[in-house]
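Asks: One structure coming up, written as structure tokens, with questions to follow.
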């Protein structure tokens, strides 16, 4: 079990848990992945959720946001055939006491995520976001470009969608349909880890996970289609920017935007925000556009001052923030006839 913690300076105003699926190799267990199309040779990618969480831990640890506590969690294992492996028909008990009938050993990820979600909620966080290569059905519903997001909190999901847009890691909001819960029912346990309905399996898997979150704001991101470049057998690293962006949007709101006067906020929205591609790696650059300069319309919005800020950003440019600099387009920002003085 991996548990890393970042605790920022100052009074903690928000606690967040990122939970990643970490199956280091998934052979399917006794329900062995076999035959053409099983993709068993690619199943090292089943730890992509854990990799995304650890990658975001590095980003957040680098930018050092204040007033926030972030927990990075993963229940890590491999799913193999052995004398100690679990078997179809077994009844296992999750850490919250709920019993699960093993309908298929190749649906192992949701079992590990279940315990990790219970653990995350016991920490007492405000939000839980899990990310996992959970269901192959995502390949059929959204293909290889988009991840699907499910959850119990509309505000949290909207924030993830905003993070998706600014990080260029596409996510699509999918529903949790409660009437489908009957498809994970069991005659001998509280639930089954597999569905009796071959359709809507991604939704049904999210319903299973929802059973292990009592009242905390929660979102589940299924990256089974988006995590891997299948025709080139390479990982994308999908989710690192998305999770880091989610935190940086929080930090942006807390440390920059909310510190402005009403007049400053309006001018920031109108003249600067459209050209900023917010990114965790670029947060230090955003701090250069500080509140005092922005609030002074004559100073901050003047052609000379905008040019000064752009040049200042360029002087500290590196490979991590090129995308932000490209979005701070000199021509558009300095076109005072179009954008105001």
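In full-length UniProt numbering, the protein residues as written are 1 to 341.
Yeah, the Cβ is synthetic: ideal placement off N, Cα and C, and Gly gets one too.
As the structure is a prediction and not an experimental result, all values here were calculated from the model.
(1) Mark residue 35 as exposed unless 16 or more other C-beta atoms lie within 10 angstroms of its C-beta, in which case mark it buried.
(2) Could you pull out every unbroken beta strand (DSSP E) segment of at least 3 residues lying fully inside the stretch 155 to 230, listed in chain order?
(3) Any chance you could list the alpha helix (DSSP H) runs of at least 4 consecutive residues sitting entirely within the stretch 40 to 66, in chain order?
(4) In this structure, does DSSP put residue 147 in helix, strand or coil?
(5) So, using beta-carbon positions, are residue 131 and residue 76 closer together than 8 Å?
(6) How many angstroms separate the CA atom of residue 327 from the CA atom of residue 167?
(7) Using 8 Å as the threshold, is the C-beta distance between residue 73 and residue 119 below it?
(8) Counting Cβ pairs closer than 8 Å, one from the stretch 53 to 68 and one from the stretch 232 to 243, do we hit at least three?
(9) May I ask you to list the residues that DSSP assigns as paired with residue 74?
(10) Rounded C-beta distance between residue 17 and residue 123? I'm assuming under 8 Å.
(11) On the DSSP letters alone, give me the boundaries of the beta strand (DSSP E) that residue 15 sits inside.
(12) Is residue 9 helix, strand or coil by DSSP?
(13) Which term fits residue 91, buried or exposed, when burial requires 16 or more other beta carbons within 10 angstroms of its beta carbon?
(14) Run through DSSP, which three-state label would residue 123 get?
(15) Which residues does DSSP pair with residue 132 in a beta bridge?
(16) For chain D, check one thing: does any of its Cβ atoms lie closer than 8 Å to the Cβ of residue 209?
(17) What first and last residue would you give for the alpha helix (DSSP H) that runs through residue 32?
(18) Our contact map puts residue 148 next to residue 142 with C-beta atoms below 8 Å; I'd like the distance itself, whole angstroms only.
(19) What is the rounded straight-line gap between the Cα of residue 115 and the Cα of residue 197?
(20) Once you ignore the five residues that flank residue 81 on each side, which residues in its own chain have a CB closer than 7 Å to its CB?
(21) So what's residue 25 in DSSP terms, helix, strand or just coil?
(22) For the structure I just gave you, are there three or more beta carbon pairs, one from the stretch 172 to 192 and one from the stretch 91 to 104, closer than 8 Å?
(23) Can you tell me whether residue 93 is helix, strand or coil according to DSSP?
(24) What's the C-alpha gap between residue 85 and residue 67?
(25) Could you tell me the distance, in whole angstroms, from the CA atom of residue 181 to the CA atom of residue 207?
(26) Given a cut-off of 8 Å on the beta-carbon distance, is the pair residue 151 and residue 227 in contact?
Replies: To lay it out plainly:
(1) Numbered from 1 along the chain shown, position 35 holds the residue referred to as residue 35. An exposed status is given to residue 35, since fewer than 16 other beta-carbon atoms sit within 10 Å of its beta-carbon.
(2) Runs of the beta strand (DSSP E) lying entirely within the stretch 155 to 230 and spanning at least 3 residues, in chain order: 171 to 173, 217 to 222.
(3) Taken in chain order, the unbroken stretches of alpha helix (DSSP H) that lie wholly in the stretch 40 to 66 and span 4 residues or more are 48 to 63.
(4) Along the chain shown, read from residue 1 onward, the residue named residue 147 stands at position 147. If DSSP states are grouped into helix, strand and coil, residue 147 belongs with the strands.
(5) Here residue 131 is taken as the residue at index 131 of the chain shown, counted from 1. Here residue 76 is taken as the residue at index 76 of the chain shown, counted from 1. Contact flag unset, no.
(6) By one-based count along the chain shown, residue 327 stands at place 327. By one-based count along the chain shown, residue 167 stands at place 167. Here the model assigns residue 327 a pLDDT of 46, short of 50, so the residue's position is not dependable and the matter cannot be decided.
(7) One-based indexing of the chain shown puts residue 73 at position 73. One-based indexing of the chain shown puts residue 119 at position 119. Cβ distance < 8 Å, so residue 73 and residue 119 count as in contact.
(8) Short answer: they touch.
(9) Start at 1 with the first residue of the chain shown, and residue 74 comes out as number 74. The partner list for residue 74 (beta bridge, DSSP) reads 2.
(10) Position 17 of the chain shown, counted from the first residue, corresponds to residue 17. Position 123 of the chain shown, counted from the first residue, corresponds to residue 123. Rounded, the Cβ-Cβ distance is 6 Å, consistent with contact.
(11) Along the chain shown, one-based indexing puts residue 15 at 15. Element bounds for residue 15: 14 to 20.
(12) Walking along the chain shown from the start, residue 9 turns up at place 9. Note: residue 9 maps to coil in three-state DSSP.
(13) Translated into the one-based positions of the chain shown, residue 91 becomes position 91. When all chains shown are included, residue 91 counts as exposed.
(14) Taking the first residue of the chain shown as 1, we reach residue 123 at position 123. In the structure shown, residue 123 adopts helical secondary structure according to DSSP, grouped into three states.
(15) As a position in the chain shown, residue 132 is number 132, starting the count at 1. Secondary-structure assignment with DSSP links residue 132 through a beta bridge to 222.
(16) Absence of chain D from the displayed structure is noted, only one protein chain being present.
(17) The count along the chain shown starts at 1 and reaches residue 32 at position 32. Taken as a continuous stretch (DSSP letters only), residue 32 belongs to no alpha helix (DSSP H), as it is neither H nor E.
(18) Reading the chain shown from its first residue, position 148 is the one you call residue 148. Reading the chain shown from its first residue, position 142 is the one you call residue 142. Contact flag correct, Cβ pair sits at about 6 Å.
(19) Along the chain shown, read from residue 1 onward, the residue named residue 115 stands at position 115. Along the chain shown, read from residue 1 onward, the residue named residue 197 stands at position 197. Residue 115 and residue 197: Cα-Cα distance of roughly 24 Å.
(20) Here residue 81 refers to the residue found at position 81 of the chain shown. 27, 29, 30, 32, listed in sequence order.
(21) Translated into positions along the chain shown, residue 25 becomes position 25. Residue 25: strand per DSSP, three-state reduction.
(22) Contact between the stretch 172 to 192 and the stretch 91 to 104 is present, with at least three C-beta pairs closer than 8 Å.
(23) By one-based count along the chain shown, residue 93 stands at place 93. In this structure, residue 93 counts as strand in the three-state DSSP scheme.
(24) Locating residue 85 in the chain shown gives position 85, where the first residue counts as 1. Locating residue 67 in the chain shown gives position 67, where the first residue counts as 1. When the Cα atoms are used, residue 85 and residue 67 turn out to be separated by approximately 43 Å.
(25) Stepping through the chain shown from its first residue, residue 181 is reached at position 181. Stepping through the chain shown from its first residue, residue 207 is reached at position 207. Residue 181 and residue 207 have their alpha carbons spaced roughly 6 Å apart.
(26) Position 151 of the chain shown, counting from 1, holds the residue named residue 151. Position 227 of the chain shown, counting from 1, holds the residue named residue 227. Not closer than 8 Å, so no.
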